[in-house]
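There are 2 protein chains.
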Amino acid sequence: MMPTSREHDLIARYFAPLAGPEGLGLLDDAALLTPTPGHEWVVTADALVAGVHFFAHDPAGRIAAKALRVNLSDLAAKAARPRGFTLCLALPPATPARWIKAFAKGLGEDMARHGMALIGGDTVATPGPLCIAITAFGEVARGRMVKRSGAKTGDAIYVTGTIGDSALGLKCLMNTLAQPSAASHRRYLVSRYLLPEPRLALRDALEAYASAGMDVSDGLVGDLAKMLAASGCGGAVKLDAIPMSPAARAAVALDAGALATALTGGDDYEILATVPPEACAAFEQASAIAGVSVTRIGVVRARAGVDWRAGDGTRITFRHGAYSHF
Amino acid sequence: MMPTSREHDLIARYFAPLAGPEGLGLLDDAALLTPTPGHEWVVTADALVAGVHFFAHDPAGRIAAKALRVNLSDLAAKAARPRGFTLCLALPPATPARWIKAFAKGLGEDMARHGMALIGGDTVATPGPLCIAITAFGEVARGRMVKRSGAKTGDAIYVTGTIGDSALGLKCLMNTLAQPSAASHRRYLVSRYLLPEPRLALRDALEAYASAGMDVSDGLVGDLAKMLAASGCGGAVKLDAIPMSPAARAAVALDAGALATALTGGDDYEILATVPPEACAAFEQASAIAGVSVTRIGVVRARAGVDWRAGDGTRITFRHGAYSHF
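In order, the protein sequences belong to chains A and B.
Counting in the working numbering, the first sequence runs from 32 upward without gaps.
Counting in the working numbering, the second sequence runs from 32 upward without gaps.
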């Protein structure tokens with residue numbers, strides 16, 4: 032691909048030191064992935080573009096960590112152990128070396144934190160915005176990947192953490208929350224938008240007990256509909272049961288539209304999973320031991336579609352990021 | 032990543048039908064790669080940007096095939112059997128549906144031709160140019176990947192096919208060849224630039240006989256230097272021995288500068304390999320049976336650096352895409 036000598040210098044200086052033995056020090060043109068016997072690879076890919084998925088002026092190290100973590104979140108939801116990733120980086124003209132240094136530093140720190148190895152990649156020039164594409168690899172024991180398609184009628188529906196913080200945090204940054212929240216609440220919501228926390232600690236509990244799982248990246252409403260459709264069933268969810276942070280609750284109390292944002296806005300990177308009824312107690316106990324809060328929000332039903340209900344029993348529908356009562 | 036409903040429609044309509052069983056029909060958020068027992072995965076990644084690595088107005092199907100093939104070329108050089116790939120696509124605003132349809136069609140045809148499965152990916156919006164990032168997976172028997180670092184003193188240096196066509200083809204397209212060649216020659220050179228032919232047929236011969244290998248993507252001069260440096264040795268090459276097509280020879284005859292372009296311009300996607308002297312006859316025979324022409328261009332030496340010699344024995348050095356006699 033005719034890279035410039037500048038590209039080679041950048042890779043050698045900043046990225047080669049991050050490569051594990053499987054990446055052959057980024058000195059070969061390919062990496063080797065040797066599977067653990069009896070295991071298979073879970074592979075996921077996510078692309079992020081400056082101005083679309085993050086702000087170009089965000090700190091470089093945090094951009095790198097976010098790009099890695101959105102992929103780690105997918106691996107977590109599949110009950111996979113993170114192993115390595117490839118990184119394709121399209122750099123706009125005149126990206127300063129100090130930016131690349133900070134990007135590599137943030138990436139290296141987050142890799143170490145999550146046990147990930149950089150095994151390969153490509154760095155190219157673009158006249159457009161910064162574009163980051165990561166393909167990440169995790170391992171599962173053969174046949175044990177948690178799929179979207181395994182939910183069964185009667186299973187309980189769970190989510191980790193709290194829902195909506197990130198989408199509301201983005202609104203804070205864009206000054207489009209109708210009512211200002213307290214500064215501490217805004218800081219919390221923004222921090223959740225800027226850097227997700229992949230729920231990797233839940234891996235063992237998911238592997239042992241989940242019938243289906245995915246990460247919530249496109250909004251709880253749409254992602255739950257997708258997962259249940261992939262499983263050939265539907266479900267019922269109580270709005271009151273959905274876990275929300277004090278900051279998100281405060282935002283919703285001030286602006287009813289914030290609720291639709293919270294449930295449809297996306298970028299949560301929490302895990303949505305279904306668990307057979309007889310395994311719920313064990314799943315909740317295993318989650319507590321893992322230190323990941325899980326909340327039961329509904330139940331899987333045979334009938335297609337998701338039935339969302341407010342506390343008073345009225346049915347709620349969501350459309351184009353807003354919702355209406357029936 | 033909050034994709035638009037348009038993204039979901041595009042994936043469902045054009046990309047999901049391309050996904051093999053390992054891609055779970057692109058209906059899950061992760062794919063499964065189950066290794067053949069006793070094998071390991073070879074992983075490679077390449078990114079291409081419109082206006083940098085291809086022309087934005089090139090036919091969409093050919094852009095897709097080129098993006099796939101530059102990765103296949105890496106797998107071929109490592110003696111890996113192609114298995115699957117992930118595709119991250121950043122689409123500029125108002126990319127017409129017919130463009131995406133043609134891209135998917137070209138991709139599907141080239142996947143089928145090379146036995147590749149689309150196992151996952153991500154489609155996002157960008158305000159910038161089209162950006163394609165592919166991570167490709169191939170399999171090798173454990174311990175049999177052909178690395179850059181295995182060349183030994185005394186090994187013969189081989190290249191496949193002909194060198195320089197693609198770089199000269201790009202010059203034809205940009206009207207920067209000093210002298211016009213015959214129309215048939217120009218068409219040939221341009222065709223070599225537009226769509227590389229990965230040398231996958233050479234896989235068995237490389238696995239059996241090569242001590243080191245890589246694909247020639249950044250120019251023969253630079254890539255040979257990289258491979259021999261990774262092997263901790265150097266080499267000697269005779270310029271007269273380098274295989275060139277009649278079209279490239281005609282261009283060089285008209286413009287001496289074209290020789291430097293041919294040898295340093297890159298995008299050849301031929302394979303550069305070293306073979307121990309006792310295995311050369313068998314390697315040449317296996318290559319002939321595979322239908323891939325291979326040419327011995329030099330020898331590996333203990334002393335670092337590559338010694339390039341013209342037919343009359345004068346030493347040649349290359350610098351910034353030009354060369355000089357000493």
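Glycine is no exception: its CB is placed at the ideal position from the N, C-alpha and C atoms.
As the structure is a prediction and not an experimental result, all values here were calculated from the model.
- When CB distances to chain B are screened at a threshold of 7 Å, the residues of the region 58 to 78 of chain A falling below it are L58, D59, D60, A61, A62, L63, L64, T65, P66, E71, W72, V73, V74, T75, A76, D77 and A78, in chain order.
- Residue nearest to L49 of chain B within the set B:A108, B:G115 and B:A98 is B:G115 (criterion: CA-CA distance).
- Taking a C-beta distance under 7 Å as the contact criterion, A91 of chain B and W130 of chain B qualify as a contact pair.
- Per DSSP, R44 of chain B is not a residue of any alpha helix (DSSP H), being assigned neither H nor E.
- With 16 or more neighbouring CB atoms inside 10 Å of its own CB, D59 of chain A falls in the buried class.
- Residues of the region 146 to 161 of chain B with a C-beta atom less than 7 Å from some C-beta of chain A are I150, G151, G152, D153, V155, A156, T157, P158, G159 and P160, listed in chain order.
- The three-state secondary structure of K136 of chain A, taken from DSSP, is helix.
- Under the Cβ distance rule, M245 of chain B counts among the residues neighbouring chain A, one pair being separated by less than 7 Å.
- If one requires a minimum length of 3 residues, the beta strand (DSSP E) runs lying completely within the region 67 to 124 of chain B are 70 to 80 and 112 to 122, in chain order.
- M176 of chain B sits in coil when the DSSP states are folded into three classes, being neither helix nor strand.
- Selection B:T191, B:L99 and B:A62 evaluated against E71 of chain A yields B:A62 as nearest (Cα-Cα).
- Of the residues assessed, M147 of chain A falls on the buried side of the cut-off, its CB having 16 or more other CB atoms within 10 angstroms.
- For G288 of chain A, the closest C-alpha among the options A:L64, A:H84, A:L199 and A:V171 is that of A:L199.
- Within chain B, no residue has its beta carbon less than 9 Å from that of M205 of chain A; the closest one is some 13 Å off.
- Between R44 of chain B and chain A, the shortest Cβ-Cβ separation is not below 7 Å.
- Looking only at A:M275, A:G344, A:T326 and A:R346, the smallest Cα-Cα distance to L290 of chain A is reached by A:M275.
- Using a Cβ-Cβ cut-off of 7 Å, T117 of chain A is close to V74, A76 and T166 of chain B, given in chain order.
- Cβ contact annotation for A213 of chain B (same chain, cutoff 6 Å, sequence separation greater than five): none.
- Put simply, the CB of D105 of chain A is near chain B, with a gap under 7 Å to one of its CB atoms.
- For the 7 Å CB-CB criterion, C119 of chain A and A164 of chain B form a contact.
- Taking 8 Å as the upper bound for CB-CB distance, P158 of chain B and G159 of chain A are in contact here, some 7 Å apart.
- With the criterion set as a beta carbon lying under 8 Å from some beta carbon of chain B, the members of the region 79 to 98 of chain A are L79, V80, G82, V83 and H84, in sequence order.
- What A121 of chain A touches in chain B, judged by beta-carbon distance under 7 Å, is A78, V80 and C162, going in chain order.
- The Cβ neighbour count for M205 of chain A, taken over all protein chains shown within 10 Å, is under 16; the residue is labelled exposed.
- Look at the region 204 to 235 of chain B and you find these whole runs of alpha helix (DSSP H), each 4 residues long or longer: 214 to 225.
- 7 Å or more divides the Cβ of A319 of chain B from the Cβ of A236 of chain B.
- By the Cβ criterion, the region 258 to 265 of chain B is not in contact with the region 71 to 85 of chain A, since fewer than three pairs of Cβ atoms, one from each stretch, lie closer than 8 Å.
- Under the three-state reduction of DSSP output, I163 of chain A falls in the strand class.
- With a minimum length of 4 residues, the unbroken runs of alpha helix (DSSP H) contained wholly in the region 268 to 303 of chain A fall at 277 to 285 and 288 to 295.
- Per DSSP, the unbroken beta strand (DSSP E) holding L63 of chain B starts and ends at A62 to L64.
- Taking CB atoms only, R179 of chain B has a neighbour in chain A less than 7 Å away.
- When the alpha-carbon of Y240 of chain B is set against those of B:G329, B:T305 and B:A272, the nearest one is in B:T305.
- At a C-beta separation below 8 Å, A182 of chain A has no neighbours in chain B, since its nearest C-beta there lies roughly 13 Å away.
- When Cβ-Cβ separations below 7 Å define contact, M258 of chain B makes no contact with chain A.
- K97 of chain B has its alpha-carbon roughly 18 Å from the corresponding atom of G169 of chain B.
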